[in-house]
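Each number in our numbering comes from the position in the sequence shown (counting from 1) with 3 added on. Where a beta carbon is used, it is the ideal one built from N, C-alpha and C, also for glycine. Source: prediction; values computed, not measured. Single-structure report; data block below.
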Amino acid sequence: MKWTEFVSQGKNRVLPVIVEVYGKKYPHYASKLYPICYTSFNDLGILFTPCGLLRRKKKRNLQTVRYKEIVSVEFNVQRVPTVFLYLLGSSLHLDIIIHLKDSSTLHLESEDISLFPELVKLLKKHKVFIKDPLKLQSILKEQHTMEKFYSYLDQHLETDPHHNGREPKIK
């Protein structure tokens, strides 16, 4: 797998990932998405490693993106249709859109939104500009816990922005 296959010039390619922040994995196991890539955020940068079928026999790192190569990171939450015990439902996924200085974009999707505060803390530490169109940081401060944060988003996020082609909004 080549790095150019992961990076795109637009927002059309979304990569399901498992994210690691300082050694803690989000989600602990992928239950809804099959991750394409294991993405590790640490003090050196963001390390991308292919998962499962995409990697060769040896575990080889695909690319490391240094924080100084990043223009901004944008966070959104998407409502994604899912099935649980044969019942239709939906879950909230965190979109992480990384804009690089070479004008390329990495659009990552994690099925665990609880990584949001840890990721924001790490990016602020490295002085990466954060775009937060849904005001997720202020909502998290108001709600005080991840459970209340998730519940608030679940109740107030407009339904299914994937089908109408618009950006998600909080009511």
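Fill in: Complete runs of the beta strand (DSSP E) confined to the segment 65-152 [at least 3 residues]
66-68, 73-87, 90-103, 108-113, 132-134
Discussion item. Among K127, K28, V80, L88, whose alpha-carbon lies nearest the alpha-carbon of P136?
Written reply: Within the sequence shown, residue 136 is the residue found at index 133, counting from 1. It is V80.
Fill in: Assigned secondary structure, Y2 (DSSP; H/G/I helix, E/B strand, else coil)
Examination of residue 2 is not possible in this model, given that the chain is present from 4 through 174 alone.
Item to complete: Go ahead and pull the three-state DSSP assignment for Y29.
Response: To locate residue 29, count along the sequence shown from 1; it is residue 26. DSSP places Y29 in strand when its eight states are reduced to three.
Practice prompt. For F44, count neighbouring Cβ atoms within 10 angstroms of its own Cβ and tell me buried if that reaches 16, exposed if not.
Written response: As a first step, residue 44 must be located in the sequence shown, where it is residue number 41. Buried: at least 16 other Cβ atoms inside 10 Å.
Worksheet item: Out of curiosity, what's the CA-to-CA distance linking L90 and C54?
Response: Walking along the sequence shown from the start, residue 90 turns up at place 87. Walking along the sequence shown from the start, residue 54 turns up at place 51. Distance between the alpha carbons of L90 and C54 is about 29 angstroms.
Practice prompt. Give the DSSP-derived three-state secondary structure of L47 in the structure shown.
Written response: Taking the first residue of the sequence shown as position 1, residue 47 is located at position 44. Residue state, collapsed to three classes: coil.
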